[in-house]
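What follows is a short report on a single structure.
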Amino acid sequence: MTQETSGFAAFDLNPNILAAVIATGYEEPSAIQQQSIPIILAGHDMIGQAQTGTGKTAAFALPILNRIDPAKREPQALILAPTRELALQVATAFETYAKQMPSVNVVAVYGGAPMGPQLKAIRNGAQIVVATPGRLCDHLRRDEKVLATVNHLVLDEADEMLKLGFMDDLEVIFKALPATRQTVLFSATLPQSIRAIAERHLRDPQHVKIQTKTQTVTAIEQAHLLVHADQKTSAVLSLLEVEDFDALIMFVRTKQATLDLASALEAKGYKAAALNGDIAQNQRERVIDSLKDGRLDIVVATDVAARGLDVPRITHVFNVDMPYDPESYVHRIGRTGRAGREGRALLLVTPRERRMLQVIERVTGQKVAEVRLPDAQAVLDARIKKLTNSLAPLVADAESTHGDLLDRLTADIGCSPRALAAALLRKATNGQALTLAAIERERPLVPNSTPRERSGDRPERGDRERRAPAPLAEGRARCRTALGARDGIAAKNLLGAILNEGGLAREAIGRIQVRDSFSLVELPEEGLEKLLAKLKDTRVAGKQLKLRRYRED
Ligand code: ADP
Ligand code: MG
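The structure is reproduced here in structure tokens:
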């Protein structure tokens, strides 16, 4: 596309910025961009209200870039974002749009990383500072003049910043900026607290409101499934069998639940990881990068940790735990269907939560259809389809490369080609259940008995019970290590270390449960003392494993 044919050419943007935008592949400005860019370019204060996924970042980043003076090596624009992930995302967006402006520097300022290099980058003349309010205040306490040259301020996801308790920090930051600055505020919602901030700190702001609630939602196919709280994990595993997903994000309410569900998925062979506020920052960035490039397919997250997360590969959102309010539901499912692509959102609803489902339907103005768990036949069909898809491309030239070998082997073994092909299939499918009977045996859930049809609602299990260890299989012993998620440990690290250094077969190791401050591993009772002695000096993630038998009393 040439610059003349791009919808962005109509704005009065610097040709370098325009070229960089066109290079991203954006063709037309989104509604919020269409309305906000001219206002911000003209230097007005502005309040922009639009849902997640509507393109707010470029709506402020492009005009702000246009308004700074790249020749001046001092902070000129400050963008505040609620979380580290969002701050990084916004900083990356600025870098993308400033690709052809080599003298523009962007610095991201957030907690969990050392302060020194951040301050140095600011003092070395980064023109754009993208920060979380908390960390920025830490910098201000050290050097109150650090923002004295900033003449453009953007509050991104202002409602979320207030929800996270940044009100006082925002006041400190407002005071540290020149009163003559331009201020732009973006928010999905405009509660009274935000209006009050705008009243005090914005000057004659222009309002832009984009009604996209229903639009955001219509690109997303929504469904719900009734399930008891204690069956959520098995329901999720069944759904994954039949959903044709590329990347998927699952939302749960607690940090513990992110770890538990991610471990359960990993144990089933999915490339899954947890994302929560307790996980070290560099590890969180790795998780998001891995989801982007396909090393991970599933991320199990809490709302705060996933806020604003933008990974175009995401085709599905599973609301495993109910969101706290309809707005966060809309935010969550906005992780898929990015920029008008199609997405699918599934909501697990326990008997007590049916009323919340109705509220969501009312607020979004849409019916969230009920689906049932796939039955054994559907699972079988899905597994066979996957197998067919994986084998079909291999058939084309296999006869020319391996046909002679097949003849030789069938002759040597004295079997039919059908028998040999069946043996190879058994090997290739690695014990996977591929008959109706076998699938029924492995699935404890009765798909057509939804909670509604059962007599009376069972009490839901609380967090405490969910944490209680599951009963042990016979011949297994439970062992404990003081290494947990907060040490950067995932189930696969423990598995790898024990496999490598303990010399065990994969089947010998049972459930691995990674908690925040410890982990539990099921190992064979037989030869346990020897095994623990062997693992005496084993280190995982740089720390001593110190695995001990765990006694539950
Ligand atoms: P918001 O902040 O409103 O949630 P983002 O700014 O994160 O939305 O944008 C959502 C997605 O849409 C991103 O992947 C972004 O690259 C993409 N996007 C933004 N503007 C456009 C556009 N004009 N055309 C195509 N894609 C766009
Ligand atoms: Mg955003």
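Letter by letter, the sequence shown follows residues 208 to 760 in the working numbering. Beta carbons are placed, not taken as given, at the ideal position from N, Cα and C, and that holds for glycine. Since the model is a prediction, treat every value here as computed from it, not as a measurement.
Check: Would the beta-carbon of A471 fall within 9 angstroms of that of T509?
Finding: One-based indexing of the sequence shown puts residue 471 at position 264. One-based indexing of the sequence shown puts residue 509 at position 302. No; because the gap between Cβ atoms is not below 9 angstroms, this pair is not in contact.
Item checked: Heavy atom of the ligand ADP within 8 angstroms of G544 beta-carbon -> Working through the sequence shown from its first residue, we reach residue 544 at position 337. No.
Note to self: Could you check whether the Cβ of V297 sits closer than 8 angstroms to any heavy atom belonging to the ligand MG?
What the structure shows: As a first step, residue 297 must be located in the sequence shown, where it is residue number 90. At a cut-off of 8 angstroms, the beta-carbon of V297 counts as near the ligand MG: some heavy atom of the ligand is closer than that.
Notebook entry, point to check: Less than 9 angstroms separating the beta-carbons of A355 and P385?
Noted result: As a first step, residue 355 is located in the sequence shown; it is residue number 148 there, counting from the start. As a first step, residue 385 is located in the sequence shown; it is residue number 178 there, counting from the start. Contact check for A355 against P385 passes: the beta carbons are separated by less than 9 angstroms.
Notebook entry, point to check: Within 10 angstroms of its Cβ, does V415 collect 16 or more other Cβ (buried), or is it exposed?
Noted result: Reading the sequence shown from its first residue, position 208 is the one you call residue 415. Classification for V415: buried.
Check: Residues in its own chain within less than 7 angstroms of A704 by CB, not counting five upstream and five downstream?
Finding: For the purposes of this step, residue 704 is identified with residue 497 of the sequence shown, where counting begins at 1. Only T745, V747 and L752 meet the Cβ criterion.
Checklist line | Rounded Cβ spacing between T522 and G476 (contact assumed at less than 8 angstroms) | finding: Counting from 1 along the sequence shown, the entry for residue 522 is found at position 315. Counting from 1 along the sequence shown, the entry for residue 476 is found at position 269. No, T522 and G476 are not in contact; Cβ-Cβ is about 19 angstroms, not under 8 angstroms.
Next item on the list: Just grab the DSSP bridge partners of Q256 for me.
Entry: Translated into the one-based positions of the sequence shown, residue 256 becomes position 49. Note: Q256 sits in a beta bridge opposite S394 and K416.
Next item on the list: With a threshold of 16 other CB atoms inside 10 Å of the CB of G372, please say whether the residue is buried or exposed.
Entry: Taking the first residue of the sequence shown as position 1, residue 372 is located at position 165. Taking all protein chains shown into account, G372 has fewer than 16 neighbouring C-beta atoms within 10 Å of its C-beta and is therefore exposed.
Checklist line | alpha helix (DSSP H) runs wholly inside the region 561-649, at least 4 long, in chain order | finding: Runs found: 561-571, 583-620, 624-636 and 643-649.
Item checked: Close beta carbons around K741, own chain, < 8 angstroms, minus the five adjacent residues each side -> In the sequence shown, counting from the first residue as 1, residue 741 sits at position 534. Cβ neighbours of K741 beyond the five flanking positions: E708, G709 and G710.
Item checked: Residue range of the alpha helix (DSSP H) that includes R491 -> Counting from 1 along the sequence shown, the entry for residue 491 is found at position 284. Per DSSP, the continuous alpha helix (DSSP H) segment holding R491 begins and ends at Q488 to D500.
Checklist line | DSSP bridge partner residues for F525 (one or two, in chain order) | finding: Within the sequence shown, the letter at position 318 stands for residue 525. Answer is M457 and L553, bridged to F525.
Next item on the list: Have a look at E292, E235 and G250 and flag the residue whose alpha-carbon is nearest the alpha-carbon of R493.
Entry: In the sequence shown, counting from the first residue as 1, residue 493 sits at position 286. Shortest Cα-Cα distance from R493 to any of E292, E235 and G250 involves E292.
Notebook entry, point to check: Would N312 be called buried (16 or more neighbouring beta carbons within 10 Å of its own) or exposed?
Noted result: Translated into positions along the sequence shown, residue 312 becomes position 105. Buried is the call here.
Check: Which residues does DSSP pair with K750 in a beta bridge?
Finding: Here the question's residue 750 lines up with position 543 in the sequence shown. Assignment of beta-bridge partners to K750 by DSSP yields V747.
Item checked: At least 3 beta-carbon pairs within less than 8 angstroms: the region 319-328 vs the region 267-276 -> A contact is defined here as three or more CB-CB pairs under 8 angstroms, and the region 319-328 fails this definition with respect to the region 267-276.
Notebook entry, point to check: In terms of alpha-carbon separation, which member of G260, V449 and K743 lies closest to L553?
Noted result: Numbered from 1 along the sequence shown, position 346 holds the residue referred to as residue 553. Taking only the C-alpha atoms, the option nearest L553 is V449.
Checklist line | Proximity to E367 [Cα-Cα], best of S445, P398 and V586 | finding: Your numbering for residue 367 matches position 160 in the sequence shown. E367 has its Cα closest to that of P398, out of S445, P398 and V586.
Check: When the Cα of I456 is compared with those of R514, A487 and E406, which residue comes out closest?
Finding: For the purposes of this step, residue 456 is identified with residue 249 of the sequence shown, where counting begins at 1. That would be R514, whose Cα lies nearest to the Cα of I456.
Next item on the list: Identify, in the order they occur along the chain, each residue of the same chain with its Cβ nearer than 7 angstroms to the Cβ of I329, setting aside the five sequence neighbours on each side.
Entry: Taking the first residue of the sequence shown as position 1, residue 329 is located at position 122. Cβ within range, chain order: P282, V314, V336 and V353.
Note to self: Distance check for L409 and F393, CA to CA, integer angstroms please.
What the structure shows: As a working mapping, residue 393 is identified with position 186 in the sequence shown. As a working mapping, residue 409 is identified with position 202 in the sequence shown. Each residue's Cα considered, the two are about 12 angstroms apart.
Note to self: Is I244 near the ligand ADP - that is, is its Cβ less than 8 angstroms away from at least one heavy atom of it?
What the structure shows: Counted from its first residue, the sequence shown places residue 244 at position 37. Not one heavy atom of the ligand ADP is found less than 8 angstroms from the C-beta of I244.
Check: Where in the region 227-298 do unbroken runs of the beta strand (DSSP E), each at least 3 residues long, occur, reported from the N-terminal end onward?
Finding: Taking only runs of at least 3 residues, the beta strand (DSSP E) segments lying wholly in the region 227-298 are 253-256 and 284-287.
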